[in-house]
Ligand code: ASP
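As structure tokens, then:
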């Protein structure tokens with residue numbers, strides 16, 4: 010089993026500086042010992058570090074693409090991949106890799122840590138060991154996120170804690186596996202429709218908007234001016250919008266009429282969207298908004314960027330937002 014590890018930056022390999030933690034010099038040397046220790050039983054482990062290393066708060070669609078290009082370039086020399094990444098936007102990167110690598114045919118496991126490798130009590134070494142073990146398991150598929158003893162579906166994960174060692178959750182679905190003696194694996198989730206030969210990620214005009222009680226049409230209009238190509242609208246409950254607020258749905262209808270795809274997800278962490286259930290959600294559906302089912306905001310935003318990067322716009326983009334590419338949403342009919 011040959012595992013290729015890519016260090017992209019993040020706390021796991023950071024060092025102290027007068028400005029706080031920064032990506033440290035010579036990460037290969039510092040990570041090498043930890044990888045050898047953790048991967049003793051695995052066989053061949055190779056390591057590359059991306060240049061420049063970044064704090065993942067600085068990640069962009071171009072950074073996702075650099076990781077993807079690196080994985081594709083070493084695909085013939087690796088049976089599985091581990092990515093060491095900052096935690097802040099790890100869920101976004103996992104989603105990005107999941108859409109773009111459905112044809113890779115090898116598992117990718119992303120991990121990081123809350124404390125740098127080598128710090129007293131750090132979670133870095135156990136997370137690296139768990140990610141290597143998951144990658145080598147021959148059971149992992151697609152893109153997973155290993156953190157705090159659990160392997161989660163990468164495009165279902167959210168960063169739920171800025172400090173806890175079990176910082177990530179996948180609120181809508183069960184973990185893929187729990188580390189232990191032995192590891193416990195859940196049945197593999199449906200893989201999605203896939204996307205052969207994707208075009209590279211580029212920066213796109215997609216926005217995430219959170220509804221709040223008291224939002225006015227004028228405020229929403231300002232937030233959507235100029236019109237973006239896609240809006241991920243985090244609505245209440247099963248996908249509701251204040252129905253009694255004059256002009257609010259008209260703003261969305263006007264944006265949709267001008268070619269903006271409006272995708273509704275829920276502010277709830279579990280449950281997903283059912284647009285026709287209440288009049289308040291029906292108004293959104295009538296305006297031409299589509300359901301993003303039970304996608305996380307991270308998965309939905311990144312998916313819009315992915316689809317826009319493929320050249321899709323408007324209703325073509327909206328149709329794919331409700332269809333699973335890589336297991337990021339449950340698109341089975343209700344009750345199935
Ligand atoms: N700011 C860091 C990053 O995301 C946080 C971390 O790695 O935990 O790169």
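Numbering (the working numbering), first residue to last: 10 to 345. Quick reminder that beta carbons are idealized off the backbone N, C-alpha and C, glycines included.
Within a Cβ cutoff of 6 Å, which residues of the same chain sit near residue 297, ignoring the five residues on either side of it in sequence? Locating residue 297 in the chain shown gives position 288, counting from the first residue. Closer than 6 Å at the Cβ level, and outside the excluded window around residue 297, lie 265.
Open item on the list: Using a Cβ-based criterion (distance less than 8 Å to any ligand heavy atom), does residue 18 qualify as near the ligand FMN?
Closed with: Among the ligands in the structure shown, the ligand FMN does not appear; only the ligand ASP can be found there.
Write down the C-beta distance between residue 207 and residue 276 rounded to the nearest angstrom, noting that I regard them as a contact closer than 8 Å.
Within the chain shown, the letter at position 198 stands for residue 207. Within the chain shown, the letter at position 267 stands for residue 276. Distance from residue 207 to residue 276 at the Cβ level is roughly 30 Å; contact not present, criterion being Cβ atoms closer than 8 Å.
ask   = Considering residue 219, what are the terminal residues of the beta strand (DSSP E) in which it resides?
value = Taking the chain shown and counting its residues from 1, one reaches residue 219 at position 210. Element bounds for residue 219: 215-219.
| request: To the nearest angstrom, report how far apart residue 291 and residue 259 are at their CA atoms. | output: On the chain shown, position 282 is the one that residue 291 refers to. On the chain shown, position 250 is the one that residue 259 refers to. Residue 291 and residue 259: Cα-Cα distance of roughly 13 Å.
Notebook entry, point to check: Which two residues bound the contiguous beta strand (DSSP E) that contains residue 13?
Noted result: To locate residue 13, count along the chain shown from 1; it is residue 4. 11-18 is the span of the beta strand (DSSP E), which, as asked, contains residue 13.
Next on the checklist: Please identify the residue among 160, 128, 246 whose C-alpha is closest to the C-alpha of residue 138.
Outcome noted: Numbered from 1 along the chain shown, position 129 holds the residue referred to as residue 138. Here the closest residue by C-alpha is 160.
**Q.** Distance between residue 327 and residue 15 (C-alpha atoms, nearest Å)
**A.** The residue you call residue 15 lines up with position 6 of the chain shown. The residue you call residue 327 lines up with position 318 of the chain shown. Taking the straight line joining both Cα atoms gives about 33 Å.
Quick one: what's residue 90 bridged to in DSSP?
Counting from 1 along the chain shown, the entry for residue 90 is found at position 81. Bridge partners of residue 90: 13, 117.
Quiz prompt | Whole-Å CB distance - residue 107 paired with residue 52, under 8 Å assumed | solution = Working through the chain shown from its first residue, we reach residue 107 at position 98. Working through the chain shown from its first residue, we reach residue 52 at position 43. Actually they are not in contact, since the Cβ atoms of residue 107 and residue 52 sit about 26 Å apart, beyond 8 Å.
| said: Please determine whether the Cβ atom of residue 241 lies at a distance below 8 Å from any heavy atom of the ligand ASP. | reply: In the chain shown, the residue the question calls residue 241 occupies position 232. For residue 241, the shortest C-beta to heavy atom distance toward the ligand ASP is 8 Å or greater.
Straight-line gap, residue 17 to residue 309 (C-alpha atoms, nearest Å): The residue labelled residue 17 in the question sits at position 8 within the chain shown. The residue labelled residue 309 in the question sits at position 300 within the chain shown. Straight-line Cα distance between these residues: approximately 23 Å.
Where does residue 90 land, buried or exposed, given buried means 16+ other C-beta within 10 angstroms?
The sequence position of residue 90 within the chain shown is 81, counting from 1. Classification for residue 90: buried.
In or out: residue 181 buried (at least 16 other Cβ within 10 Å) or exposed?
Here residue 181 refers to the residue found at position 172 when the chain shown is read from its first residue. Looking at its Cβ environment, which holds 16 or more other Cβ atoms inside 10 Å, residue 181 is buried.
Verify whether the separation of the beta carbon atoms of residue 273 and residue 242 is less than 9 Å.
The sequence position of residue 273 within the chain shown is 264, counting from 1. The sequence position of residue 242 within the chain shown is 233, counting from 1. In contact: residue 273 and residue 242 (Cβ atoms closer than 9 Å).
Three or more C-beta pairs under 8 Å: does that hold for the stretch 198-215 against the stretch 100-117? yes
query = Less than 9 Å separating the beta-carbons of residue 294 and residue 284?
reply = What you label residue 294 is simply residue 285 of the chain shown in a count that begins at 1. What you label residue 284 is simply residue 275 of the chain shown in a count that begins at 1. Yes, these two residues count as a Cβ contact at 9 Å.
Checklist entry - Exposed or buried, residue 315, counting other C-beta atoms within 10 Å across all chains shown (16 or more means buried)? => result By one-based count along the chain shown, residue 315 stands at place 306. Buried, because 16 or more other Cβ atoms sit within 10 Å of the Cβ of residue 315.
**Message:** Check this for me: beta carbons of residue 254 and residue 234, under 9 Å apart or not?
**Reply:** As a working note, residue 254 is residue 245 in the chain shown. As a working note, residue 234 is residue 225 in the chain shown. No; because the gap between Cβ atoms is not below 9 Å, this pair is not in contact.
Q: Answer yes or no: do residue 97 and residue 64 have a C-beta to C-beta separation smaller than 9 Å?
A: On the chain shown, position 88 is the one that residue 97 refers to. On the chain shown, position 55 is the one that residue 64 refers to. Yes, the pair counts as a contact, with Cβ atoms nearer than the cut-off.
Give a yes or no on whether the C-beta atoms belonging to residue 27 and residue 62 are separated by under 9 Å. Within the chain shown, numbered from 1, the residue matching residue 27 stands at position 18. Within the chain shown, numbered from 1, the residue matching residue 62 stands at position 53. No, they are not a contact pair.
Integer-rounded CB distance, given that residue 20 should sit under 8 Å from residue 191: Here residue 191 is taken as the residue at index 182 of the chain shown, counted from 1. Here residue 20 is taken as the residue at index 11 of the chain shown, counted from 1. 29 Å between Cβ atoms; not a contact.
Check: Looking at the unbroken beta strand (DSSP E) that takes in residue 58, where does it start and where does it end?
Finding: Within the chain shown, residue 58 is the residue found at index 49, counting from 1. 53-63 is the extent of the beta strand (DSSP E) around residue 58.
If we define contact as Cβ-Cβ less than 9 Å, is residue 324 a contact residue for chain C? Considering every chain present, this structure includes no chain C. It has just one protein chain.
Requested in this report: Report the rounded CA-to-CA distance for residue 317 versus residue 210, giving the unit in angstroms.
Outcome: Along the chain shown, read from residue 1 onward, the residue named residue 317 stands at position 308. Along the chain shown, read from residue 1 onward, the residue named residue 210 stands at position 201. Using only the alpha carbons, I get a separation of about 9 Å.
message: DSSP has residue 322 in a bridge; who is on the other side?
response: Reading the chain shown from its first residue, position 313 is the one you call residue 322. Answer is none; residue 322 lacks a bridge partner.
Status (buried if at least 16 other CB within 10 Å, exposed otherwise) for residue 172:
The residue given as residue 172 occupies position 163 in the chain shown. Answer is exposed; the Cβ neighbour count stays below 16.
*asked:* Measuring straight from C-alpha to C-alpha, what distance separates residue 123 and residue 92?
replied: Here residue 123 is taken as the residue at index 114 of the chain shown, counted from 1. Here residue 92 is taken as the residue at index 83 of the chain shown, counted from 1. Using only the alpha carbons, I get a separation of about 15 Å.
Q. Is residue 79 near the ligand ASP, going by C-beta to nearest heavy atom under 8 Å?
A. Locating residue 79 in the chain shown gives position 70, where the first residue counts as 1. No, the ligand ASP has no heavy atom inside 8 Å of this Cβ.
Let's test the definition: count the other Cβ atoms within 10 Å of the Cβ of residue 311 and tell me whether it reaches 16, buried, or not, exposed.
Locating residue 311 in the chain shown gives position 302, where the first residue counts as 1. Residue 311 should be labelled buried.
inquiry  = Taking 7 Å as the limit between beta carbons, can you name the residues of its chain near residue 23, skipping five residues before and five after?
reply    = Working through the chain shown from its first residue, we reach residue 23 at position 14. If we look at residue 23 and ignore the five residues flanking it on each side, its Cβ neighbours are 30, 31, 32, 33, 125.
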